[in-house]
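Here the protein sequences come in this chain order: A and B.
Quick note on numbering: numbering that gives the first Met the number 0 labels position 66 of the first sequence as 65, and the sequence is numbered without any gaps.
Quick note on numbering: numbering that gives the first Met the number 0 labels position 56 of the second sequence as 55, and the sequence is numbered without any gaps.
The structure under discussion appears below in the form of structure tokens.
Protein chains: 2
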Amino acid sequence: MLKLTKKADYGLIALKHLAVNASQGVASAKEIAECYQIPLPLLAKVLQKLNKSGLLRSEQGTNGGYRLGRDAREISTLDAIRTIDGPIILTHCFTDHGGCNQSMTCTVREPLRKVHEGILNLLGGISIWDLAQEGMSAPRGSCEAPIPPPHKLYELTGKTV
Amino acid sequence: MLKLTKKADYGLIALKHLAVNASQGVASAKEIAECYQIPLPLLAKVLQKLNKSGLLRSEQGTNGGYRLGRDAREISTLDAIRTIDGPIILTHCFTDHGGCNQSMTCTVREPLRKVHEGILNLLGGISIWDLAQEGMSAPRGSCEAPIPPPHKLYELTGKTV
DNA sequence: TAAATCTAGGACTAAAACAGTCCGACCGGA
DNA sequence: TCCGGTCGGACTGTTTTAGTCCTAGATTTA
Numbered sequence: 000m001l002k003l004t005k006k007a008d009y010g011l012i013a014l015k016h017l018a019v020n021a022s023q024g025v026a027s028a029k030e031i032a033e034c035y036q037i038p039l040p041l042l043a044k045v046l047q048k049l050n051k052s053g054l055l056r057s058e059q060g061t062n063g064g065y066r067l068g069r070d071a072r073e074i075s076t077l078d079a080i081r082t083i084d085g086p087i088i089l090t091h092c093f094t095d096h097g098g099c100n101q102s103m104t105c106t107v108r109e110p111l112r113k114v115h116e117g118i119l120n121l122l123g124g125i126s127i128w129d130l131a132q133e134g135m136s137a138p139r140g141s142c143e144a145p146i147p148p149p150h151k152l153y154e155l156t157g158k159t160v
Numbered sequence: 000m001l002k003l004t005k006k007a008d009y010g011l012i013a014l015k016h017l018a019v020n021a022s023q024g025v026a027s028a029k030e031i032a033e034c035y036q037i038p039l040p041l042l043a044k045v046l047q048k049l050n051k052s053g054l055l056r057s058e059q060g061t062n063g064g065y066r067l068g069r070d071a072r073e074i075s076t077l078d079a080i081r082t083i084d085g086p087i088i089l090t091h092c093f094t095d096h097g098g099c100n101q102s103m104t105c106t107v108r109e110p111l112r113k114v115h116e117g118i119l120n121l122l123g124g125i126s127i128w129d130l131a132q133e134g135m136s137a138p139r140g141s142c143e144a145p146i147p148p149p150h151k152l153y154e155l156t157g158k159t160v
């Protein structure tokens, strides 16, 4: 509960990767997927969404790939999460007000709305550039490294209990 | 995405109800359920959890019901949400660190952890008492009101699309 | 003491969201 | 023209969530 989806995770990882390696031109979906052990078609989907919303810019054809649509400082984590997972809604009452007419059913709504806005501010205040600042180390070295077992490793460590 | 479950909603509503009507002694699950058009068995489940964790105190037998386990100021919304929905985890990496050993798979983790803690602080800073302060109006008047059609009304207004 | 009324709590079902896969189409460079 | 890349929808299996049902235990009232 109250957690990010994996898609959002993947999206943020990809955005950070692009921000860090911006100097090297484009990066293909395949490249990113292999680097972080993300299922390629799933990542492709996420990147497509980010592309359509303008956060990324795609280049087709051979040696194509993705690059950031605008400066990393101009892309907030909120932007990314919202385009990938849709709008963030804390309670159900926020969307349809028709259901709330029943007496004081939603008296808790207003206080929660503050929490909601707080979270939005929090996410909105962090840009992809900020993400890229931390843990700058070892981005490309481990990516080109050979990864002998394609699936085994992922299955062993991927348990998100 | 990033939203509270209905159970958590119900729990907060119930807690607020008990905080507002604390002077009137206990309130039964049935009473609260009818007041807010919440399915009784579901609410009962939520109340049981809150009871077991000490946030509520139950009184059995005829004229039994629930009352707050401690002062409303001492119960944060974070307490309630966490006991109902389990721990709040923003990303999957927080729980098992074994999955993160793969190169820099989780370089976005640390920044997100800040967001995570921010949300926790936000929720932890709001108590049930705070909820009860806003929208004090019309708590019991509408509760005792006759509700002629037991189900019809719920179906009409309960749509939380 | 017996009945009524309430909570306690597990087992179960249905629906929705999520994670991931597959396939065909389009585009651009070699 | 061919190949490697993106684009984008349709599809499936799994998990979570919402809600129901039923039985047991406790306490008050008659």
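C-beta atoms are modelled at their ideal positions from N, C-alpha and C, and glycine is treated no differently.
Checklist entry - So is residue 127 of chain B in contact with chain A if we call contact Cβ pairs under 7 Å? => result no
Checklist entry - Taking the alpha carbon of residue 10 of chain B as the point to measure from, which residue in B:49, B:36, B:56 and B:25 has its own alpha carbon closest? => result B:49
Checklist entry - Just how far apart, CA to CA, sit residue 68 of chain B and residue 118 of chain B? => result 25 Å
Checklist entry - Using a Cβ cut-off of 8 Å, which residues of the segment 111-123 of chain A contact any Cβ in chain B, in chain order? => result 111, 113, 114, 117, 118, 121 and 122
Next on the checklist: Can you tell me whether residue 152 of chain A is helix, strand or coil according to DSSP?
Outcome noted: Note that residue 152 of chain A scores a pLDDT of 32, beneath 50, so its modelled location is shaky; the value from the coordinates is reported in the next line. DSSP places residue 152 of chain A in helix when its eight states are reduced to three.
Checklist entry - Listing by chain order, which chain B residues have their CB less than 7 Å from the CB of residue 88 of chain A? => result 2
Item to check | Exposure of residue 20 of chain A, with buried meaning 16 or more beta-carbon neighbours within 10 Å | outcome: buried
Item to check | Close beta carbons around residue 28 of chain B, own chain, < 6 Å, minus the five adjacent residues each side | outcome: 42, 43 and 46
Checklist entry - In whole angstroms, what is the alpha-carbon distance linking residue 66 of chain B and residue 76 of chain B? => result 17 Å
Item to check | Neighbourhood of residue 72 of chain B by C-beta distance below 7 Å, restricted to the same chain and skipping five residues each side | outcome: 126 and 128
Item to check | Reference residue 109 of chain A; option with closest CA among B:88, B:132 and B:58 | outcome: B:132
Checklist entry - Considering residue 58 of chain A, what are the terminal residues of the beta strand (DSSP E) in which it resides? => result 55-58
Next on the checklist: Using C-beta distances below 6 Å, list every residue in its chain close to residue 6 of chain A, excluding the 5 sequence neighbours before and after it, in chain order.
Outcome noted: 45 and 83
Checklist entry - Where does residue 3 of chain B sit, in a helix, a strand or coil, going by DSSP? => result coil
Checklist entry - For residue 130 of chain B, which residues from the same chain have a beta carbon less than 8 Å from its beta carbon, with the 5 sequence-adjacent residues on both sides left out? => result 11, 14, 15, 18 and 76
Item to check | Distance between residue 32 of chain A and residue 40 of chain A (C-alpha atoms, nearest Å) | outcome: 9 Å
Checklist entry - Does DSSP classify residue 124 of chain B as helix, strand or coil? => result coil
Checklist entry - Between the beta-carbon of residue 53 of chain B and the beta-carbon of residue 26 of chain B, is there less than 7 Å? => result no
Next on the checklist: Taking the alpha-carbon of residue 112 of chain A as reference, which of B:122, B:114, B:116 and B:115 has the nearest alpha-carbon?
Outcome noted: B:122
Item to check | Backbone secondary structure at residue 22 of chain B - three-state DSSP | outcome: helix
Checklist entry - Is the distance from the Cβ of residue 80 of chain A to the Cβ of residue 2 of chain B below 7 Å? => result no
Checklist entry - Under three-state DSSP, which class holds residue 173 of chain B? => result The structure shown does not extend to residue 173 of chain B, since chain B is modelled only from 0 to 160, so the question has no answer here.
Checklist entry - Going by DSSP, which residues form a beta bridge with residue 75 of chain B? => result B:126
Item to check | alpha helix (DSSP H) segment containing residue 31 of chain A, residue limits | outcome: 28-35
Item to check | Buried versus exposed, by CB contacts within 10 Å (16 or more), residue 70 of chain A | outcome: exposed
Checklist entry - For residue 40 of chain B, which of helix, strand or coil comes out of DSSP? => result helix
Next on the checklist: Given this structure, state the Cα-to-Cα distance separating residue 138 of chain B from residue 58 of chain A, to the nearest angstrom.
Outcome noted: With a pLDDT of only 45 at residue 138 of chain B, under 50, the local geometry of the prediction cannot be trusted, and the value read off the model is given with reservation. Distance between the alpha carbons of residue 138 of chain B and residue 58 of chain A is about 59 Å.
Next on the checklist: Rounded to whole angstroms, what is the Cα-Cα separation between residue 56 of chain B and residue 120 of chain B?
Outcome noted: 26 Å
Checklist entry - With DSSP run on the structure shown, which of helix, strand or coil describes residue 112 of chain A? => result helix
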